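Counting in the working numbering, the sequence shown runs from 1019 upward without gaps.
Where a beta carbon is used, it is the ideal one built from N, C-alpha and C, also for glycine.
Please read these numbers as outputs of a predicted model, since none were measured by experiment.
Notes for the one structure printed next.
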Amino acid sequence: MSDQTWRIYALKYNQKLHYTLPAHLLHEDGQMMVFQAVQGGQIDHQTRGMQFPIQRRSDMIFFRNRWYNVYRNYRHADPTLLDHIYCNIGLPPVISDLTVAFVDLDLDVQLWPDGRWEVLDADEFDAHAAEMHYPDDVRRIARQVVHDILALWDRREYPFNV
């Protein structure tokens, strides 16, 4: 694990800051970067106007060319046991100078180790797509990515091989 602290920035489509959090780089190759949220750090949630302490292990996977990222969130009581996986649908990240920034398109997928899954915030996606004028191709790709994630989940392919 790198001792350098990176910052993860989630932006809205209109480029307003949604949230930011500190993370340490665990792994990097040409296709993806894997981070771990800094325990004891703070999530600065601009949209909610609040700060939240990072109280449990969360490994975050950012693919350089995919329209989603993956947060593997572990149990408070046992940080070796996966609680759930949260996928943010968004534009591929921009990575530079110890920062990862991505545009969160307000469409999410949550997955549980027992096989359950749920698509979240579809209404928010539709509202923000209209309000912020997401282009048709962005809307189409975001919806397709939900299907891509669920297909990977069904086959338990990385990063859903839990």
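query, result
"Coil, strand or helix - D1172 by DSSP", "helix"
"Local conformation of V1056 per DSSP, three classes", "coil"
"Within 7 Å, strictly: CB atoms of H1146 and D1126", "no"
"For A1095 and D1155, the rounded distance between their alpha carbons", "42 Å"
"Rounded Cβ spacing between V1121 and G1108 (contact assumed at less than 8 Å)", "5 Å"
"C-beta atoms of Q1069 and D1062 nearer than 7 Å", "yes"
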